[in-house]
Amino acid sequence: METKILSTSEYDTQLAGKILAGGGLVAFPTETVYGLGANALDENAVKKIYAAKGRPSDNPLIVHVSEKSDIAPLVKEITPKAQALIDAFFPAPLTIILPKSGLIGNIVSGGLDTVAVRMPENEIARRLIKSAGVPIAAPSANTSGLPSPTKAKYVIDDMSGKIDAIIDGGDCKFGVESTVITLATDTPVILRPGAVTQEMIEAVIGKVDIDRAVLEGMKSDDVASSPGMKYKHYAPKAKVIIVDADKKTYEDFVNSRENAFALCFDGDIVTVPKITYGMENDDLSQARELFDALRRLDEMGAEKVYARIPNISGVGMAVYNRLIRAAAFKIIDLKKPFFIGLTGQTGAGKGYVGQYLSMLGFNILDSDKFVKKIYDNNPELLKKLAEEFGNDILVDGLLDRKRLAHAAFSSKENTQKLNQIVHPEVISLCKKAAKPLAVLDAPQLFEANAQSDCYKVISVVAPLETRLERIMARDGITREQAMERINAQLDEEYYIDNSDFVIYNNKEDIQTQINNILEEIL
Ligand code: TXA
Ligand code: MG
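The numbering used here puts the first residue of the sequence shown at 2, with every later residue one more than the last.
Set out below in structure tokens:
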């Protein structure tokens, strides 16, 4: 099929109206994103929308009208809250859901007994609907799963040859799809945030809820209040990861990554290839540019994209909602110290893993060194230790570490006592010293309960015999003494069960194991 490219002239909109009235498909601009329209009262025409987009048939469509008076026939009843929203906002980037009337077929409503209705603010859209003379069912005019089109050229990319016509109306004003709110529940619920914000709506009809799926991923057994929520969405070909960080931390992070692309704000100082999506404190500019930015990243051939997180308030909630779906809910939180905890049984080969990570540019925080610092500079702490383990651990007021080790590491109980005294101080020093991409190298990580401070935990394990030999050689101790130390530690199963990743120091090449783990973490 040849797809006509039309202008916004009176003649062309009339022509497009005729195509719609005759059962054809026309893509048209709205103030949110481009829509792919068909006569909502003609099931055969509506079916063609699903085919052109590759859209799952249980995902219902929004019905667009050009006059407020065209809403009543489509719904069972316009409730007082619905009327209040219509009066306050329509025409607007707002969609309301109400129980449907008999006019709405099952294809449009995806088998539900409700219907979504919207009167767009964009005048070309309203003129088109008026000239078609029927309500127009229209999803966003993208291939299902891709970012919604905010420019005619993206509609042409996705829909050329599949639909009758495309009206080129330039760039869309808001750039994210309409706010969707259901009024078919006792308390209204926002199913999709948009340019008409929760605050604006609450000012008119009082309390509304935000569906949990707006900001979080859906679990596989959740039932979607809005079928669109459960499908993959807005996803570019590139793998997108949101970075939750302030400007400077984000810049440092993304600039230190290899083969990365940045999706950031105007003015961010970034040395890797970048696409910006608006300004830091301007949620409307972010909304307007986000989908375009995602498509341009694909055009640039980006494979891995680190996106700077937007503020989640106001229209920013809509921006975040789209971005988090584009990122398949992957976020790196650099606001909490980005420790990777590295631990393992004594003699398992943790030191080697630490050296390799350091070579890759990680900031290694050696908890043993911090412990030493504390012993050297904290007389209060030494006093506490002497009370617990006996005065002969001190020689001339200084700690004899060998004696302390002997007293503390000979039983699990004593090791635990030592940890309780020492480790809160260690962790707090480490937190102060941590730069992005820090590894907290801590043999007693679990004993100190520091795993909760870590973004991910890697444990290194190795066969008993290997470890015994290493410890004996390293510390110049007997087999029995080495065994005693090992027995005072957690067993291998504990490390495996409580770590995000385990490195086996007897299997394949350790560097490959580490690289694979980093690939997943980062
Ligand atoms: O801004 C917009 O709303 C754009 C322009 C073209 O108007 N349209 C749009 O449509 O974004 P679409 O189909 O891409 O998204 C509509 C969303 C989907 O997530 C769908 O599941 C939900 O609205 N929806 C539609 N009818 C519904 C209903 N009866 N109950 C619950 N959710 C519904
Ligand atoms: Mg869509």
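C-beta atoms are modelled at their ideal positions from N, C-alpha and C, and glycine is treated no differently.
This structure is a prediction, so every number in the text was calculated from the model and none was measured.
When Cβ pairs closer than 8 Å are counted between the two stretches, the segment 78-97 is seen to touch the segment 190-198, the count reaching three or more. Along the segment 203-278, the beta strand (DSSP E) occurs as fully enclosed runs of 3 or more residues at 240-245, 262-265, 275-277, listed in sequence order. Within the model, the alpha-carbon separation for proline 100 versus tyrosine 496 is close to 54 Å. If you look at threonine 198, you'll find it isn't in any beta strand (DSSP E); DSSP assigns it neither H nor E.
The count of Cβ pairs closer than 8 Å, one atom from the segment 472-486 and one from the segment 432-450, stays below three, leaving the stretches out of contact. As the crow flies, the alpha-carbon of leucine 399 is around 41 Å from that of aspartate 253. For threonine 4, the CB contacts under 8 Å within the same chain, skipping 5 residues up- and downstream, are Ile157, Met160, Ser161, Gly162, Lys163, Ile164, Asp165, Ala166, Ile167 in chain order. Here the alpha carbons of alanine 246 and methionine 280 stand approximately 15 Å from one another. Placement of the Cβ of proline 148 at a distance of 7 Å or more from every heavy atom of ligand 2 is found. A direct Cα-Cα distance of roughly 26 Å separates lysine 249 from isoleucine 518. When the Cα atoms are used, proline 136 and asparagine 260 turn out to be separated by approximately 48 Å. Beyond the five residues adjoining it in sequence on each side, isoleucine 20 comes within less than 7 Å, by CB distance, of Val27, Asp165, Ala166 in the same chain, given in chain order.
If you draw a straight line from the Cα of tyrosine 12 to the Cα of serine 314, it comes to about 42 Å. Comparing C-alpha distances from asparagine 516 to each of Pro464, Arg486, Ile459 shows the shortest one belongs to Ile459. Cβ-Cβ distances below 8 Å link leucine 104 to Leu42, Pro74, Leu75 in the same chain, with the five nearest sequence neighbours on each side left out; the list follows chain order.
For the pair valine 47 and valine 109, the CB atoms are nearer than the 8 Å cut-off. In terms of Cβ geometry, valine 306 and lysine 238 do not form a close pair [threshold 8 Å]. Phenylalanine 340 is bridged by DSSP to Ala439. If you look at phenylalanine 29, you'll find it in the beta strand (DSSP E) that goes 27-29. Beta-bridge partners of threonine 96 (DSSP): Arg119, Val181.
When DSSP states are grouped into helix, strand and coil, asparagine 364 belongs to the strand group. With a cut-off of 8 Å on Cβ pairs, the segment 483-496 is not in contact with the segment 365-379, counting fewer than three such pairs. Between ligand 2 and the CB of serine 8, the shortest heavy atom gap is not smaller than 7 Å. Between the C-alpha atoms of threonine 416 and glutamate 426 there is a straight-line separation of about 16 Å.
Here leucine 465 is exposed. Its C-beta has fewer than 16 other C-beta atoms within 10 Å. Threonine 183 and leucine 113 have their C-alpha atoms spaced approximately 13 Å apart. At least one heavy atom of ligand 2 is found less than 7 Å from the C-beta of serine 141.
A check of alpha carbon separations from tyrosine 155 across Gln84, Thr9, Gly317, Phe292 identifies Phe292 as the nearest.
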